[in-house]
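Working notes, structure below.
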Ligand code: 13P
Ligand code: SF4
């Protein structure tokens, strides 16, 4: 057995011993995805966390994802194997900034991307993910304007592709997706004229306008699997190439930009997971007073 396989089988042994479940985001390193009980996008991982009967959730992703699991499952131990795996976009707004903004727009409904801290969720009316954002904004009372946070690109996407035109937003963004330019995409499309172009809604509007499809990470996998096409240009973090190739071994996937790498999503390795399972640290626990306010926004989203 090679070293990776040995570590993976040790992880499976420890998961059983701890009655733990291992959840991994689609951007995680391939060897981490391959040992997980479930790989998915933010929405699928939240749903799985809300339904599991495991005692421990090992969350291979970034901090806000573990916080969301803790909000949904206060009785479970939620472990983020690498404590400082964060999200640059989630850190672009804090609760104080959002509460100041709400004073300026008292009638607005606050829609927060799940990529936010628990404190920001506690100030929000409803959450959304890249998979359900259009459904979420279309579910909101048309007599109230919408304020979206923190991703300006997701908000612009929602405004252009949903029924709602009265959407304003916080000026945050994902540095990985926001760096992809129209010029880069046009060049890759020219090099591969027979490929379909699929983009994540965290990309800029100019990029989204060039897309054949706009999807969450798991939406991309489902779409590629079901499509008759054989070749795709993919605009999101390149960790997605691993599950795409696994799901469609006979198809070709070309990254729109091979440098779209989220350093935080790459921090977790197999040894970190083993240490986390042995010590049950570092735990992420959202304090009760924040959790009680944040859960409303998360549950409203999940109920749609
Ligand atoms: P999804 O997997 O929900 O599409 O989200 C992408 C992302 O940026 C997670 O950090
Ligand atoms: Fe945050 Fe962007 Fe990394 Fe996702 S890819 S965790 S949005 S910084």
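Numbering (our numbering), first residue to last: 54 to 357.
For each residue, glycine too, the CB sits at the ideal point set by N, CA and C.
Span of the beta strand (DSSP E) around residue i
| i | result |
| --- | --- |
| residue 201 | 199-202 |
| residue 249 | 249-252 |
| residue 305 | 305-308 |
| residue 284 | 284-288 |
| residue 167 | Per DSSP, residue 167 belongs to no beta strand (DSSP E) and is neither H nor E. |
| residue 186 | Premise fails: residue 186 lies in the alpha helix (DSSP H), 186-191, not in any beta strand (DSSP E). |
| residue 130 | 130-132 |
| residue 26 | Beyond the ends of the chain as shown, which are 54 and 357, falls residue 26; an answer cannot be given. |
| residue 339 | Segment: none, residue 339 is in no beta strand (DSSP E) and carries neither H nor E. |
Residue i Cβ short of 7 angstroms to the ligand 13P heavy atom set
| i | result |
| --- | --- |
| residue 137 | no |
| residue 382 | For residue 382 there is no data in the structure shown, the boundaries of the chain being 54 and 357. |
| residue 355 | no |
| residue 84 | no |
| residue 168 | yes |
| residue 184 | yes |
| residue 253 | yes |
| residue 94 | yes |
| residue 270 | yes |
| residue 115 | yes |
Cut-off 6 angstroms between Cβ atoms - residues of its own chain near residue i, not counting five sequence neighbours on either side
| i | result |
| --- | --- |
| residue 269 | 94, 183, 184 |
| residue 224 | 205 |
| residue 145 | 203, 225 |
| residue 222 | 201, 205, 208 |
Range of the contiguous alpha helix (DSSP H) that encloses residue i
| i | result |
| --- | --- |
| residue 296 | 294-300 |
| residue 228 | 228-231 |
| residue 62 | 56-70 |
| residue 103 | 95-104 |
| residue 78 | First-last for residue 78: 73-78, but that is the beta strand (DSSP E), not the alpha helix (DSSP H). |
| residue 177 | Segment: none, residue 177 is in no alpha helix (DSSP H) and carries neither H nor E. |
| residue 146 | Taken as a continuous stretch (DSSP letters only), residue 146 belongs to no alpha helix (DSSP H), as it is neither H nor E. |
Contact test: residue i Cβ vs the ligand SF4 heavy atom, cutoff 7 angstroms
| i | result |
| --- | --- |
| residue 143 | yes |
| residue 147 | no |
| residue 201 | no |
| residue 80 | yes |
| residue 318 | yes |
| residue 181 | no |
| residue 315 | yes |
| residue 295 | no |
| residue 230 | yes |
Check: residue i C-beta below 7 angstroms from any heavy atom of the ligand GTP
| i | result |
| --- | --- |
| residue 140 | No copy of the ligand GTP occurs in the structure displayed; its ligands are the ligand 13P and the ligand SF4 alone. |
Other residues of its chain near residue i: CB distance less than 7 angstroms, five sequence neighbours each side excluded
| i | result |
| --- | --- |
| residue 260 | 233, 235, 238, 252, 288 |
| residue 274 | 296, 297, 300 |
| residue 247 | 284 |
Short CB-CB distance (under 8 angstroms) between residue i and chain D
| i | result |
| --- | --- |
| residue 166 | Of the protein chains in this structure there is only one, and it is not chain D. |
Proximal residues to residue i (C-beta, below 8 angstroms), its chain only, five neighbours per side dropped
| i | result |
| --- | --- |
| residue 63 | 327 |
| residue 277 | 251, 285, 297, 300, 301, 304, 306 |
| residue 124 | 171, 174, 339, 344, 347, 348, 351 |
Nearest-angstrom beta carbon gap, residue j and residue i [assumed within contact, 8 angstroms]
| i | j | result |
| --- | --- | --- |
| residue 102 | residue 343 | About 17 angstroms separates the two Cβ atoms, so there is no contact after all. |
| residue 152 | residue 121 | About 20 angstroms separates the two Cβ atoms, so there is no contact after all. |
| residue 119 | residue 337 | 4 angstroms |
| residue 117 | residue 168 | 6 angstroms |
| residue 211 | residue 187 | 6 angstroms |
| residue 354 | residue 227 | Incorrect: roughly 19 angstroms between the Cβ atoms, too far for contact. |
Stretch-stretch touch, CB-based, cutoff 8 angstroms, three pairs: the stretch 290-304 with the stretch 97-117
Taking a cut-off of 8 angstroms on C-beta distances, the stretch 290-304 does not touch the stretch 97-117, as fewer than three cross pairs fall below it.
Would you call the stretch 185-203 in contact with the stretch 111-120, where contact means no fewer than 3 C-beta pairs closer than 8 angstroms?
Using a Cβ-Cβ distance cut-off of 8 angstroms, the stretch 185-203 and the stretch 111-120 are not in contact, since fewer than three pairs of beta carbons, one from each stretch, lie closer than that value.
Count the CB pairs spanning the stretch 128-139 and the stretch 147-161 that are closer than 8 angstroms, and state whether there are at least three.
In short, these stretches do not touch, since the Cβ pair count stays below three.
Is it true that the stretch 55-70 meets the stretch 328-335, where meeting means three or more beta-carbon pairs spaced less than 8 angstroms apart?
At 8 angstroms Cβ cutoff, the stretches touch.
Are the stretch 306-323 and the stretch 72-86 touching, with three or more C-beta to C-beta distances below 8 angstroms?
Verdict: yes, contact present.
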